[in-house]
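The block underneath contains the structure these notes are about, expressed in structure tokens.
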Amino acid sequence: MADLEARAVTKRFGGVLALDGVDFEADAGEVHALIGENGAGKSTFIKILTGAVRPDEGEVVLFGEPLAARSPRDAASHGVAAVFQELSLVPDLTVAENVWFRRERLTPLGTISRRRVRRDTRALFGRLDFPPLDPDIEVRSLSVAERQLVEVAKAVAGDPRVLILDEATSALSPKEVSWLLDLARRLAAGGMIVVYISHRLAEVREVASRITVFRNGHSVGVTEGAAASEDEIVSMMLGRRLERLYPDKEATATEAVALRVRDLRFGHRLRGIDLDLREGEILGVGGLQGQGQLELFLSLFGVLRARGTIELDGRPVKISSPRAALAAGIGLALVPEDRQNQGLLLPKSVRENVTLAVTKRFSRRGLLDLERERALVGDAIRQLSIVLSSPEQPVGSLSGGNQQKVVISKLLLTRAKVLLLYDLTRGVDVGTKGEIFQLMRNLAREGYAILFFSTDLQELIHVADRVAVISDGSVTGLLEGEAITEDRILRASVAGGTAA
Ligand SMILES: Nc1ncnc2c1ncn2[C@@H]1O[C@H](COP(=O)(O)OP(=O)(O)OP(=O)(O)O)[C@@H](O)[C@H]1O
Ligand SMILES: [Mg+2]
-17 MADLEARAVT
-7 KRFGGVLALD
3 GVDFEADAGE
13 VHALIGENGA
23 GKSTFIKILT
33 GAVRPDEGEV
43 VLFGEPLAAR
53 SPRDAASHGV
63 AAVFQELSLV
73 PDLTVAENVW
83 FRRERLTPLG
93 TISRRRVRRD
103 TRALFGRLDF
113 PPLDPDIEVR
123 SLSVAERQLV
133 EVAKAVAGDP
143 RVLILDEATS
153 ALSPKEVSWL
163 LDLARRLAAG
173 GMIVVYISHR
183 LAEVREVASR
193 ITVFRNGHSV
203 GVTEGAAASE
213 DEIVSMMLGR
223 RLERLYPDKE
233 ATATEAVALR
243 VRDLRFGHRL
253 RGIDLDLREG
263 EILGVGGLQG
273 QGQLELFLSL
283 FGVLRARGTI
293 ELDGRPVKIS
303 SPRAALAAGI
313 GLALVPEDRQ
323 NQGLLLPKSV
333 RENVTLAVTK
343 RFSRRGLLDL
353 ERERALVGDA
363 IRQLSIVLSS
373 PEQPVGSLSG
383 GNQQKVVISK
393 LLLTRAKVLL
403 LYDLTRGVDV
413 GTKGEIFQLM
423 RNLAREGYAI
433 LFFSTDLQEL
443 IHVADRVAVI
453 SDGSVTGLLE
463 GEAITEDRIL
473 RASVAGGTAA
């Protein structure tokens, strides 16, 4: 019998069968990956392990004893801890206080011993070889990546027997990711069961000794991590071979400059950015994280008021607000690092979210043409293969990746000609990624101009027609054609302000 065993676990949400008799096994000492398409049921399964969701049928056995966690706290007391992509920290408390939250470190008088909390945090950080982070600063002042790291520390602080990482690396820099993978391996080697969920197959194959694949609420197989090729794993996930992830590049870029940016400045974050984005072009934006890429996108969309000139089709425009940007024909799809904030109204239906910005288009004399709206939403759902039971379902009940697709549909409906796509494929499964890249290609062919930021080097290399590398608020390299290589992008990334 395996150390952690789930048998015939079934879970329905209304009409949605999220898990259909799932079996799962993992042993102490291994990092066990759990992968599957968006909506396959991974997070639901994890929520059952952690007591956030009750199964309709089936059981979970941990070290020979039934585990029927009634709440995350209950699960924690049985040694099950999880890090989710949605963050759970208290912003007003310090890093150290968050790490020991509800694991009181009391003085003899019964008050919380700050000294003890601080000392224990230092010790824990030392033991985990934690990236440098001041235990005394308030969580509110941390970046999303840093918060994610604190979540990990908090989960590990209780010395769990099972540690679950559900897309915990999505906001992290490559360096932090490799630290976390290393930590996962070390903890497993120390006897923990580590369950690792990610859409990044390279990470999964690097860290996992075994991989369980979920498809459509079923467990469809288990493979040895290193033994299976990426192709084989993807085929198991999708139930078919993925012909290709990246569509062929096409020379659809014209000479016409759709968006011209000159000397764009914002505080010390943007130090004079120059860019020409042509019609029919996919221009990639690369560089290390936090070099001004986000500020560039937000400035172009009127969220930040940057100085400099912006021209659309050769005409200078003032982009003083997102409304002004949309009116000028610039649309932004931003997947913020914190998914709960991605500009979707989670309790509202998919239909309402998709058409939120464009209701005008099918209202006549204040009345909505519901039929047209429904048709439009239906098209959007088909175009991006959004998995749902009904367009009337709240967006919040879709799986993470499918929520992301709703963000894209929203953008496409605005009919903006300049599309700003910021980290759009994060948390999206490979099959859907391929669909998104194909969609981008089609849009470029139709004459859209696409500015595309990704933290994934391979995406930039295989999808973008040209790549602008940004370092310290300036463009330090502009690569085209054969020159778009990992090596060149990385070199320009650390060029630090010297012109390329
Ligand atoms: N509270 C809920 N109400 C209704 N349906 C739900 C709810 N939670 C999950 N679902 C549905 O259950 C299915 C499985 O969702 P789940 O979040 O487990 O997928 P996932 O494998 O984690 O996907 P992703 O990779 O996108 O995170 C999806 O179809 C989802 O829409
Ligand atoms: Mg999930």
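Each residue of the sequence shown is one higher than the one before, counting from -17 in my numbering. The C-beta atom is built at its ideal place from N, Cα and C for all residues, glycine as well. Treat the numbers as computed from the prediction; the structure is a model and nothing was measured.
Residue-chain proximity (residue i, chain C), Cβ-Cβ < 7 Å
i	result
D141	Judged by its chain identifiers, the structure shown contains no chain C, having just a single protein chain.
Heavy atom of ligand 2 within 6 Å of residue i beta-carbon
i	result
G382	yes
Beta carbon of residue i nearer than 7 Å to that of residue j
i	j	result
I452	G249	no
A240	L257	no
L145	V195	no
T103	A64	no
T234	A398	no
V13	Y178	yes
L366	S391	yes
E7	A(-16)	yes
G269	S475	yes
G21	V369	yes
G284	I301	yes
L44	L1	no
V42	P73	no
A50	T32	no
P376	P304	no
A139	V81	yes
R251	E277	yes
G40	V(-9)	yes
V340	L395	yes
D447	E263	yes
Any non-hydrogen atom of ligand 1 closer than 6 Å to residue i Cβ
i	result
K24	yes
N20	yes
V445	no
V(-2)	yes
S379	yes
F66	no
C-alpha distance - residue i paired with residue j, whole-angstrom precision
i	j	result
R321	G313	Per-residue confidence for R321 stands at a pLDDT of 49, beneath the threshold of 50, marking its modelled position as unreliable; no derived number is given.
L338	L402	19 Å
T205	L71	35 Å
L69	I28	15 Å
V457	A450	6 Å
L350	V388	21 Å
G332	Q385	Reading the sequence as shown, one finds Val at residue 332 and not Gly. Going by the C-alpha atoms only, they are around 9 Å apart.
V410	R97	42 Å
R287	I255	14 Å
R(-11)	F83	33 Å
G479	I292	The pLDDT assigned to G479 is 46, lower than 50, so where the model puts this residue is not dependable, and the model offers no usable value.
S152	R408	7 Å
D361	I432	22 Å
A482	G459	With a pLDDT of 42 at A482, under the threshold of 50, the predicted position of this residue should be treated as unreliable, and no value is reported.
E185	E374	36 Å
G(-4)	E334	20 Å
A150	L169	16 Å
Whole-Å CB distance - residue i paired with residue j, under 8 Å assumed
i	j	result
L106	A135	6 Å
I443	E462	Contact flag wrong, Cβ pair sits at about 12 Å.
A307	A190	Not confirmed; about 43 Å, so no contact.
Q67	G378	About 14 Å; that fails the 8 Å criterion.
L316	F279	7 Å
V4	S201	5 Å
I17	M219	6 Å
Residue closest to residue i, alpha-carbon to alpha-carbon, out of the options
i	options	result
G311	I363, R101, G429 and L246	G429
L294	S302, A0, G172 and V243	V243
L439	D411, M422 and D405	D405
P229	R356, G416, L31 and I471	G416
T236	E261, I179, L252 and L220	E261
E232	D2, D454 and Q420	Q420
E188	V216, S345 and D164	D164
S53	L460, P37, F45 and L358	P37
G61	G284, G(-3), K(-7) and R143	R143
D9	S160, G172, P114 and L110	G172
H181	E158, D148, S211 and R100	D148
P114	I30, W161, G459 and L75	W161
I94	P48, L75 and T341	L75
L131	D141, V159, D118 and G108	V159
L265	A477, F434 and S25	F434
K(-7)	G11, E334 and S25	S25
E214	R473, S345 and I193	I193
Any non-hydrogen atom of ligand 3 within 6 Å of residue i CB
i	result
F(-5)	Here the bound small molecules are ligand 1 and ligand 2; ligand 3 is not part of this structure.
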